[in-house]
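First comes the structure, then the notes that go with it.
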Amino acid sequence: MAYWLLKTEPDTFSIDTLKQQKVSCWEGVRNYQARNMMRDEMKVGDLAFIYHSSCKDVGVVGIAEVVKEAYPDHFQFDPESDYFDPKSSPENPRWIMVDVGYKQHLSYVSLARIKANPALDDMPLVKKGSRLSIMPVTEMQWNEILAMSEKRVR
């Protein structure tokens, strides 16, 4: 099993939205490096921190589980979608998505607390210039953030 961090803007899609929906596609990834991680490395059963970004309380807020591996992101074909890509076709899709299921809320772990924790210095999240919406998390980093949230995965 691998661990991930998935960034989302809570005004668009929050941990509460995922809890309501139970399962959702993780669409709209338009970065080749993030796409390649979803396509080549994300597997059913992997766990991911849900990380709220571009908001007042930036940080880890919950956990999701990958429930369906990579498949073409259908929004790339829809001219009405913000994620439309005119260079993509059903025969040769450029973008993919995975499905994630709600696992649980966590006690909020702020970006400031993550940055202040020396055990997390190697996380891509705290590196300068790292803006990917999907990032790998090591098992040690996963356990450290869980400990910081004062909750355990059920």
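Read in order, the letters of the sequence shown are residues 1 to 154 in UniProt numbering.
Don't be surprised by glycine CBs; every beta carbon is placed ideally from N, CA and C.
Given the structure is predicted, the values throughout are model-derived calculations rather than measurements.
query	result
Give me the Cβ distance between residue 106 and residue 61, rounded to the nearest whole Å; I'm assuming they're in contact under 8 Å.	6 Å
Could you name each continuous alpha helix (DSSP H) segment of 4 residues or more that falls completely within the UniProt domain "EVE" (2-148), going from the start of the chain to the end?	15-21, 32-40, 111-116
Using a Cβ-Cβ cut-off of 8 Å (strictly less than) and excluding sequence neighbours within five positions of residue 43, which residues of its own chain qualify?	1, 2, 66, 69
What's the C-alpha gap between residue 27 and residue 51?	15 Å
Could you tell me the distance, in whole angstroms, from the CA atom of residue 56 to the CA atom of residue 7?	14 Å
For residue 160, which residues in the same chain have their Cβ closer than 6 Å to its Cβ, ignoring the five residues on either side in sequence?	There is no way to answer for residue 160, as the model of the chain reaches only from 1 to 154.
If I measure Cβ to Cβ from residue 123 and keep anything under 6 Å in the same chain, skipping five residues before and after, which residues do I get?	141
Which same chain residues end up closer than 8 Å to residue 127 when comparing Cβ atoms and leaving out the 5 residues on each side of it in sequence?	none
Considering Cα atoms alone, identify which of 104, 133, 114 is closest to residue 30.	133
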